[in-house]
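> I have a structure I would like to understand better, so I am pasting it below and will then ask my questions one at a time.
In this note's numbering, the protein residues as written are 11 to 556.
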């Protein structure tokens with residue numbers, strides 16, 4: 011069983027409920043660039059004389075039956091083909107991907123072959139060379155486990171396919187050399203104790219063509235470091251936080267996934283990575299009511315790792331609220347996404363930390379409601395409020411959202427269960443613009459790993475104003491001039507509110523909240539511009555008191 015299988019669903023889709031799935035050794039996977047097109051569908055007539063026989067031999071030279079993936083290099087279509095038997099194929103050039111097991115050893119091989127008449131090719135595991143990746147000094151410590159993954163990929167602008175295998179001891183993976191530029195190779199090795207209490211490591215090697223074996227050791231000084239913190243309190247579960255890394259923008263191996271650890275507590279950890287582009291993945295996972303495992307949400311943050319350099323990432327911080335996605339007007343139609351109401355203030359432009367919510371958006375003009383749109387939660391796609399602007403003037407759009415996960419039970423005292431936002435802006439018919447208002451995020455500082463402030467202390471809440479351009483068709487225009495920034499706090503879940511002082515600290519608008527001795531603090535802020543437009547954001551139970 012793989013480490014990622016023991017901890018959380020490997021490759022789980024973030025921000026949506028995902029059932030646990032196991033990844034089998036030697037599995038052939040199609041990377042999702044375009045859907046695979048089976049050769050049998052819409053293919054030209056196959057002449058009886060065009061066949062391919064793939065012979066597969068294990069490391070002892072014994073003929074073994076395996077299922078290969080055969081890829082048409084001209085069309086990037088693929089099909090599964092059983093070895094050691096003749097298969098009809100259209101005339102053309104193909105890549106054959108195979109994984110051959112001999113006892114505990116797995117050999118990956120690929121062949122390129124032209125099919126014309128009765129064609130044959132052989133994937134011979136005896137030609138396989140060992141794959142070895144290491145770090146010096148080697149990671150050591152109680153419970154440290156290591157795993158190696160390897161892939162051979164086809165290279166195409168329209169689709170890519172691969173064959174993959176993995177091992178735990180680092181001595182049972184082999185690869186058959188092939189110099190074809192139609193192929194690429196990737197290998198990754200990870201080290202972790204599975205808890206996040208010790209440093210974790212992952213190194214990645216890629217190249218065009220398939221090498222004659224691989225024996226490479228990375229010096230620790232050649233690695234970069236990600237310092238990661240995962241807090242507790244905002245996620246929809248206390249069952250666990252999962253941390254993983256995934257290479258990206260490589261010639262092969264982009265969907266390799268290293269699940270490094272899972273924890274039922276907050277964490278501070280260091281992850282050392284070989285240079286290159288990586289997705290840093292932090293997610294929460296929970297036991298569903300039916301006994302399965304779900305992933306309520308998480309992050310995929312891209313970072314370019316450089317030798318000797320470090321990155322700091324903070325996940326699951328307090329005050330999840332509306333993202334930086336503003337209403338837009340496209341060809342005279344107001345368009346607004348209802349589903350971005352629970353974003354980490356540290357990542358306001360990314361996808362939601364959690365996508366599970368119920369929301370009701372209302373658009374008014376001249377004091378009258380002109381459009382209402384509801385999202386009942388877990389609908390198949392994004393939900394938009396759309397409205398054709400008939401008259402120029404002031405419009406007010408309000409969205410109220412609450413967290414909603416039908417498959418799990420929310421933990422008691424969960425933070426950020428409800429949020430709301432109101433935008434007041436001018437709109438005109440037949441225009442394409444971003445609403446001339448600000449997105450506002452609130453980030454409480456000085457909290458502990460459970461997103462708690464000390465009783466009776468003062469918390470500085472950073473108020474960040476932004477206007478990202480999210481559509482190439484919606485002109486951004488000049489930023490409106492800020493007139494006032496105000497803030498309020500509530501200590502009874504939003505029943506009553508009291509004003510708090512707002513001032514600029516190091517150039518950032520900051521609300522200074524005097525905390526109660528227990529409970530939680532809800533936050534509200536309003537940014538008003540000189541034209542009369544404004545943005546008003548409310549987060550219930552933004553952070554807790556320790």
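C-beta atoms are modelled at their ideal positions from N, C-alpha and C, and glycine is treated no differently.
Decide if residue 315 is buried, meaning its Cβ has at least 16 other Cβ atoms within 10 Å, or exposed.
Classification of residue 315: buried, given that the 10 Å Cβ count is 16 or more.
> Is the beta carbon of residue 468 less than 9 Å from the beta carbon of residue 556?
Against a cut-off of 9 Å, the Cβ pair of residue 556 and residue 468 comes out as no contact.
> Return the residue from the list 464, 518, 124 that minimises the CA-CA distance to residue 103.
Nearest option by C-alpha distance: 124.
> How do the segment 266–278 and the segment 189–208 stand: do at least 3 beta-carbon pairs fall below 8 Å, yes or no?
Yes: the two stretches touch, three or more of their Cβ pairs being nearer than 8 Å.
> Select from 165, 338, 122, 117 the residue whose C-alpha is nearest the C-alpha of residue 64.
The shortest C-alpha separation from residue 64 is found at 122.
> Between 80, 190, 547, which has its C-alpha nearest residue 428's C-alpha?
Residue 428 has its Cα closest to that of 547, out of 80, 190, 547.
> Pull up the DSSP beta-bridge partners for residue 62, would you.
Answer is 97, 129.
> Counting only the same chain and skipping the five closest in sequence on each side, list residues whose C-beta sits under 7 Å from that of residue 537.
Counting only Cβ-Cβ distances below 7 Å, and skipping sequence neighbours, we find 448, 450, 475, 492, 495, 544, 545.
> Residue range of the beta strand (DSSP E) that residue 289 falls in?
Looking at the DSSP string, the run of the beta strand (DSSP E) that includes residue 289 is 286–297.
> Output the distance between the C-alpha atoms of residue 533 and residue 140, rounded to the nearest integer angstrom.
Cα-Cα distance, rounded: 58 Å.
> Assuming residue 69 and residue 115 are in contact, meaning their beta carbons sit under 8 Å apart, how far apart are those beta carbons, in whole angstroms?
Contact holds; Cβ gap of about 6 Å.
> Starting from the N-terminal side, write out each stretch of the beta strand (DSSP E) that is 3 residues or longer and does not extend beyond the segment 185–219.
Segments of the beta strand (DSSP E) lying fully in the segment 185–219: 193–202, 210–218.
> Using DSSP with H/G/I as helix, E/B as strand and the rest coil, what is residue 230?
In this structure, residue 230 counts as helix in the three-state DSSP scheme.
> Once the 5 residues before and after residue 343 are set aside, which same chain residues still bring their CB inside 8 Å of it?
Counting only Cβ-Cβ distances below 8 Å, and skipping sequence neighbours, we find 396, 397, 398, 399.
> So if DSSP puts residue 163 in a beta bridge, which residue, or which two residues, is it bridged to?
Note: residue 163 sits in a beta bridge opposite 172, 194.
> Which residue's Cα is closest to the Cα of residue 225: 345, 506, 214, 218?
Measuring from the Cα of residue 225, the nearest candidate turns out to be 214.
> On a CA-only basis, which of 379, 372, 238, 425 is nearest residue 313? Give me that one, please.
With distances taken between Cα atoms, residue 313 lies closest to 238.
> For the segment 250–289, which segments carrying the alpha helix (DSSP H) assignment without a break, of at least 4 residues, lie completely within its bounds, in sequence order?
You should have found no qualifying run.
> Is it a yes or a no for the segment 404–415 touching the segment 501–508, going by three-plus beta-carbon pairs under 8 Å?
No, because fewer than three Cβ pairs between the segment 404–415 and the segment 501–508 fall closer than 8 Å, the two stretches do not touch.
> Please give me, in chain order, every unbroken run of the beta strand (DSSP E) with length at least 3 that falls completely inside the segment 471–532.
The segment 471–532 contains these whole beta strand (DSSP E) runs: 492–500, 508–515, 518–524.
> Where residue 149 and residue 305 are concerned, what is the direct C-alpha to C-alpha distance, given to the nearest angstrom?
Approximately 30 Å, taken between the alpha carbons.
> Can residue 157 be considered in contact with the ligand COA, in the sense that its beta carbon sits closer than 8 Å to one or more heavy atoms?
As for the ligand COA, it is missing from this structure, which has no ligand bound.
> Please say whether residue 554 and residue 463 have beta carbons closer to each other than 9 Å?
Their beta carbons are under 9 Å apart, which means residue 463 touches residue 554 by this criterion.
> Can you give the Cα-Cα distance for residue 136 and residue 111, rounded to whole angstroms?
Near 11 Å, if we compare the C-alpha coordinates of residue 111 and residue 136.
> Quick one, are the C-beta atoms of residue 157 and residue 172 less than 9 Å apart?
No, they are not a contact pair.
> For residue 108, does the three-state DSSP call read helix, strand or coil?
Reduced to three states, the DSSP call for residue 108 is strand.
> Thinking C-alpha only, which one of 251, 417, 433, 416 is nearest residue 334?
Measuring from the Cα of residue 334, the nearest candidate turns out to be 433.
> Where residue 456 and residue 470 are concerned, what is the direct C-alpha to C-alpha distance, given to the nearest angstrom?
Near 8 Å, if we compare the C-alpha coordinates of residue 470 and residue 456.
> Look up residue 225 in the DSSP assignment and give the residues it is bridged to.
Beta-bridge pairing links residue 225 to 142.
> Per DSSP, what are the beta-bridge partners of residue 392 in this structure?
According to DSSP, residue 392 bridges with nothing at all.
> Tell me, please, whether the CB atom of residue 540 is closer than 9 Å to any CB atom in chain D?
You won't find chain D in this structure, because it holds only one protein chain.
> For residue 510 and residue 387, I'd like the C-alpha separation in whole angstroms.
Going by the C-alpha atoms only, they are around 34 Å apart.
> Hey, could you find the ends of the beta strand (DSSP E) residue 354 is sitting in?
Careful: residue 354 lies outside any beta strand (DSSP E) and carries neither H nor E.
> On the CB-based measure, 16 or more other CB atoms within 10 Å of its CB, does residue 79 come out buried or exposed?
The residue in question, residue 79, is buried, as its Cβ has 16 or more Cβ neighbours within 10 Å.
> First and last residue of the beta strand (DSSP E) that includes residue 460?
Where residue 460 is concerned, there is no enclosing beta strand (DSSP E), given that its DSSP letter is neither H nor E.
> List the endpoints of the continuous beta strand (DSSP E) containing residue 325.
Run containing residue 325: 320–325, per the beta strand (DSSP E) assignment.
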